[in-house]
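J.:
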Amino acid sequence: MSEKTREKPGIRSRIVPIVLILLAVALIGASIGGYALQGTQESIDNLDQMRSQAVLHAASEGLINNIAQQARADKLAELRKDKDFRKRGLDEVNAICDGAMNEARAEAEKLYANPVVQDEAALQSAISAFEKALAESSGLSQTERAAYAELYVQLVDNISDWKAVAGEGIQDANVISALGNVAPDLLKTENSHLHDGFVKLARDMAVKQQAKEDAEQQNQLLTVLATAIPDWNEYAGLEKDALWDKLIQEAPELAGGEKFQDALLKAASEHIAAAEKGETIAPPAESEAGADTVSETQADYKYFTPTEALNREETEKNAAYEELNAQLVAIIPDLGSLSSKLQNTLRENIEKVLWLENNSFSARYNTYVAHQATTDSAGAWKMNLASLAKPLLLAGVAVLLLGLVVLFWKPLTERFGVPRTIIALFFVYLCLLAELYNISVRMMMGNVLERMTMYGVLVLAMMPGIQCGIGLNMGMTIGCISGLLGIVLALQFNMVGFPALVFACVSGAVVSLPLGWAYSKLLNRMKGNEMTISTYVGFSFVSLMCIGWMMLPFNNPKIIWLLSGKGLRVTHSLLGSFAHLLDNFLAFKVFGIKVPTGGLLFLGLCCLGVWLFSRSRLGIAMTAAGSNPRFAEASGINVNKMRTVGTVLSTVIAAVGIVIYSQAFGYAQLYTAPRQLGFIASSAILIGGATVSKAKVSHVLIGVFLFEGVLVFGQQIANSVVAGGGLSEVMRIMISNGIILYALTQSGGGRRA
Amino acid sequence: MREQNQVKAHLEKYIVTYLFIALSVLFIVTSGMDINYVASQLLLRLNRNAFIVLALIIPIIAGMGINFAITIGAMAAQIGLLLTINWGVTGVAGILLAAAITLPLGAFFGFLIGKLLNKMKGQETIGSLILGYFANGAYQLLFLFIFGSIIPLNSNVTIVGASGVQNTLNLTGSVGLYTAIDGIAHIPFLLAMYIFCGALALASIIQFARKKITVKRMIGSLIVAAVIAGVFSVPQIAAYVNGAHGRELKLPLVTWLLILGLCLFNSTIMRTRLGQKFRAVGQNQTVANASGINVDRTRVIAIMISTVLAGWGQILFMQSEGIGTFQTYAAHEQVGLYAGAAILVGGASIDRATNLQALVGTFLFHSLFITAQSAASAMFGNSAVGEYFRAFLSYGVIAVALIMYAWRSAKQKKAGQMNLNEQRSAKS
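Those protein sequence lines, which keep their order, are chains D and Z. Using our numbering, the final residue of the first sequence is 753, and nothing's skipped along the way. Using our numbering, the final residue of the second sequence is 1181, and nothing's skipped along the way.
(1) In the DSSP assignment, what are the bridge partners of residue 904 (chain Z)?
(2) Counting only Cβ pairs nearer than 7 Å, list the residues of chain Z close to residue 536 (chain D).
(3) How would you list, in chain order, the residues of chain B whose beta-carbon sits under 7 Å from the beta-carbon of residue 878 (chain Z)?
(4) Which of the three DSSP states is assigned to residue 874 (chain Z) in this structure?
(5) Identify, in the order they occur along the chain, each residue of the same chain with its Cβ nearer than 6 Å to the Cβ of residue 1120 (chain Z), setting aside the five sequence neighbours on each side.
(6) What is the residue span of the alpha helix (DSSP H) that residue 660 (chain D) lies within?
(7) Leaving out five residues on either side along the sequence, give the residues of the same chain with a beta carbon under 6 Å from the beta carbon of residue 930 (chain Z).
(8) In whole angstroms, what separates the C-alpha of residue 816 (chain Z) from that of residue 1103 (chain Z)?
(9) Using Cβ-Cβ distances below 7 Å, what residues of the segment 1079-1091 of chain Z are close to chain D?
(10) Under 8 Å between C-beta atoms, does residue 546 (chain D) make it to chain Z?
(11) Can you find a C-beta in chain Z that's less than 8 Å from the C-beta of residue 439 (chain D)?
(12) Counting contacts by CB-CB distance shorter than 8 Å, is residue 752 (chain D) in contact with chain Z?
(13) Taking any Cβ of chain D, which residues in the segment 1118-1145 of chain Z have a Cβ under 8 Å from it, in chain order?
(14) Name, please, each residue of chain D whose Cβ falls closer than 8 Å to the Cβ of residue 893 (chain Z).
(15) Starting from residue 1119 (chain Z), trace the alpha helix (DSSP H) in both directions and tell me its first and last residue.
(16) Under a CB-based cut-off of 8 Å, is residue 17 (chain D) close to chain Z?
(17) Return the Cβ separation of residue 54 (chain D) and residue 353 (chain D) in integer angstroms, given the expectation that the two are a contact with Cβ distance under 8 Å.
(18) Using a Cβ-Cβ cutoff of less than 7 Å, which residues in the same chain neighbour residue 304 (chain D) once the five nearest sequence positions on both sides are dropped?
(19) Quick one: list the residues of chain Z neighbouring residue 551 (chain D), beta-carbon separation under 9 Å, in chain order.
(20) So is residue 906 (chain Z) in contact with chain D if we call contact Cβ pairs under 8 Å?
(21) Quick check on the burial criterion: 16 or more other C-beta atoms within 10 angstroms. Buried or exposed for residue 289 (chain D)?
(22) Nearest to residue 865 (chain Z) by alpha carbon, out of Z:1044, Z:904, Z:899, Z:888?
(23) Could you check where the beta strand (DSSP E) with residue 593 (chain D) kicks off and where it finishes?
(24) Under the three-state reduction of DSSP, which class applies to residue 292 (chain D): helix, strand or coil?
(25) Excluding sequence positions up to five away, which residues of its chain have a Cβ less than 7 Å from the Cβ of residue 444 (chain D)?
(26) Would a C-beta distance cut-off of 8 Å place residue 385 (chain D) and residue 34 (chain D) closer than the cut-off?
(27) Quick one: is residue 745 (chain D) near chain Z, going by C-beta distance under 8 Å?
(28) For the alpha helix (DSSP H) containing residue 631 (chain D), name the first residue and the last one.
(29) Just to confirm, are residue 96 (chain D) and residue 75 (chain D) a CB contact at a threshold of 8 Å?
(30) Shortest alpha-carbon distance to residue 975 (chain Z) belongs to which of Z:894, Z:1017, Z:960, Z:1056?
(31) CB-CB under 6 Å to residue 57 (chain D), same chain, minus the five flanking residues each way: which ones, in chain order?
(32) Measure from the C-beta of residue 863 (chain Z) to each C-beta in chain D and report whether the shortest distance is under 8 Å.
(33) Taking one C-beta from the segment 641-658 of chain D and one from the segment 448-462 of chain D each time, how about it: are there three or more such pairs within less than 8 Å?
(34) Report the partner residues of residue 513 (chain D) according to the DSSP bridge assignment.
(35) Roughly how many whole angstroms lie between the Cα atoms of residue 811 (chain Z) and residue 222 (chain D)?
(36) Skipping 5 residues on each side, what residues in its chain have a beta carbon closer than 6 Å to that of residue 578 (chain D)?
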């Protein structure tokens, strides 16, 4: 837009939005037409007819495929008998077999592809009956499985010591009540049928845990064995028992390991054999894999038991299928001669046609079309339009929004800023796309809510930094590391529950105070270059602490590398200490979304605290010092002191933020993991509408909602559009860094000291 | 008194360099690594990295700080290399083709970078860093989703059964790009040193005869040349490089001609009108603008040159001895960090840098890089510490250099203000 058009907003500058809006009206109109067509009797009849065709096609195709495969196999067997078989190349054999298969297929298609239906009505009603039974049982099965999966995830995510729950000698009833402590819903009467399955799960998990502990202990003892004995030659030639006694004498730690006597003695004899040859065997290597994989828990349906009602539905469904099958056999007699395995495949295919998770008009239409069903050419456009009603509507809304945004570009961007407008529009588009791909927007909103509580406090940490004038505090990683230190301390002392959470927060905050103070002193001497310097100071501190995590004298075997005996592990599961503690506090469900009440309350409290602070005398002075240092200095405010206050506050909030983040995530990650947190928090607050010199609490909340919303929706949609993932990560990188770049360009060049 | 001040100023300026020299010596001793091995590794890393580090000089002189966006130049080079591999061009021709593709791509990207950095004057260092991250996203988009689907590629470079380029591409064997430049010719390291000393002595005499330098500087250069030649003439020292203790050190001739060529380019361009503009813009944009220089345009040109050079440097890096594979999604990531750290170690700062600083810095930085792991495991009994120590060194050195620079300029500003105040009070 040039200067001239901006002065005279004539019709010409409005052509684009007007065209867009007209297009949107056309699209929405077409969509309304489509929806209207969906309701007409003609369409419903057409669709039912297509359904019969699709079912028949699924049946006949199964038969044809079977015949073709059989022909191929026969040809291959025939070739194998031939003497020259080995002389033929693989390609040649394949070509011959494929030729035979295609021939058979063509013949079978002539026979079966267009079955003649005698009694259309009977077929229709059989299909309808089966469809109804299928929908009922599948729906019930889905709800039951979902309930089971939820309980499963709840249990597996929140129980760390399965041996205490279901160790040997614990009665089934006690196991159930222990499980019920973790997942209260399990004790409800409607879930009683699942008890046996979950007891089995608990027992299996306990056995698995025991095996894992045994393996770890055995490894440890093997290391002791390899390091404690200086000269193996002394042990040569000893009998089993004598050897064991002598080993225990030399290395008393082994005394507890009677369980592993065989393995240890075997290792000892290997050591002796090596020593005779003048060699030594190195102690076993540290295994990092297994213990440190972080992934979302998926329910294992091995322990699922259906209810009585579901079993009844299943029987009804089977009866309905028998009916339908009889009809089909009447039409294509050869179907009756199929093997039972093929019968099953056939049934699966028919079920796939008839049971659609999303039972809308267009989904049904598309499925039937995919199974070669057609309508007569006169009515075809109507059916097409009807099936396209939803995409047309979504496209219409999208174009309408775009038109409106273009039309009101100036007032919108003046009010909300360019990035917030664009990202918000993008977010709405993602919601529309999710609707188009039938991804549950509700479920994803639940995810967004969860991630808001996860990142909220971290993003809030950016605010005092911006207000006091140091800009985006990339060095908030200093606070994050203090918080992680607090968490590790809580783990070191084996603390659990709310005391652990509070202790981690408080000790993290205490550690971050002097660090933040020193850091602020540094930044006070670097006015104008804060962002560059804080980035690199943050990076350096992260790498310095990588060495620190290795060298600090922690000694709780739960958190250090077991074999080398020093250095903290990379990932610490907070299960059993305070994972999800805040999020589960007072949590309730609304429309199937879990509301992490505790986390939201805490975020709200933090926001309120920061808001009250910025309203206080000190907070006002700090904001003044940040927004106009010269003026503040002139009016008697100590600018450096105010900057220190803001920086320390930001660092302390970051320390608390990482504790909250870790409890929501369920894991605390050390070493290089916190490096990028400053960038994530910065981009979130910038998306919310903050600039490098101005920030409000609303910016934090809007920003974290939009940022996480775009990420959650983007990830789901990217996964369903492009297989293999990766696209959402690319999107995250580009949005997050793009927004920071934009903020930098807006900060202007004048900030150089 | 004045002399003391000079020494103090010199120390202040080069404190990072001296710290690194001390650390290098300490590390080489504690790591207990074979000197011959360290020297050969160091030489290898110099061959690989010197060109990229030298590419940082022009933007520094033009006042744009450390151009961390050279990663984008590296990406341009990697696009060039990918296409070269895809088309199956081998040997020197392949490298030339990749370089030819890098030239327009790098210049275009450099143009965009320059335009963007002009909008964030004073924040170029952080801006270029984040721009590098942003470009990494675009690069992944290109290599994962556009190459192989929208832009068709041969199946030997794409992932089978999905879109996108393979994680690692081989440069050896039939691809024929491995050591395509390094392998053309080698000369023994000792001979190279003697030639270098001779050239240094000759050049200083000629420059003196043309009255370009003072007699003091000529004698200084002659002494330096004599000392270097002398040191390598001592049989015990020469033994470490001529193969008496292990491997004989050799220089890849063409690579070094290219590196020296770039040094020459860097110093010649400063004598041209364009170079004068770089210098003027770097010293003071307002003054430069007042004297009729198009500041923004000059800055864009500086970044364009730097980006293309970095791309060529990345090609030299990829073909060099001991690399052999092209890590499609990681090869460019640390380019800016390591090059930036290296030039700062050499004593450069945010607003001044020379060829010598770049070369010395690369030398020192990589001498620590090679020995850090063994030294750390010797000192702390834990080799993982060494890995983290390397990262700490890279980031820490940049942080310290940035802090020192900001400190100095704050001090100067204060001193300037105090002078101004004194003048004012004297006037009144």
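Yeah, the Cβ is synthetic: ideal placement off N, Cα and C, and Gly gets one too.
T.: This is what the structure holds:
(1) Z:900
(2) 1148, 1151, 1152, 1155
(3) This model lacks chain B altogether, as its protein chains are D and Z.
(4) coil
(5) 777, 795
(6) 639-665
(7) 847, 924, 1072
(8) 8 Å
(9) none
(10) yes
(11) no
(12) With a pLDDT of 37 at residue 752 (chain D), under the threshold of 50, the modelled position of this residue cannot be trusted; read the value that follows with caution. It does: the Cβ of residue 752 (chain D) has a partner Cβ on chain Z nearer than 8 Å.
(13) 1133, 1135, 1137, 1138, 1141, 1142, 1144, 1145
(14) 726, 729, 730, 733
(15) 1108-1133
(16) no
(17) 5 Å
(18) 145, 148, 197
(19) 1133, 1135, 1138
(20) no
(21) The predicted model places residue 289 (chain D) with a pLDDT of 39, which falls under 50 and marks its position as unreliable; any figure quoted below should be read in that light. So residue 289 (chain D) counts as exposed.
(22) Z:888
(23) 593-595
(24) With a pLDDT of 44 at residue 292 (chain D), under the threshold of 50, the predicted position of this residue should be treated as unreliable, though the coordinate-derived value follows. Residue state, collapsed to three classes: coil.
(25) 434, 712, 713, 716
(26) yes
(27) yes
(28) 629-634
(29) yes
(30) Z:960
(31) 371, 372
(32) no
(33) yes
(34) According to DSSP, residue 513 (chain D) bridges with nothing at all.
(35) 59 Å
(36) 500, 501, 663
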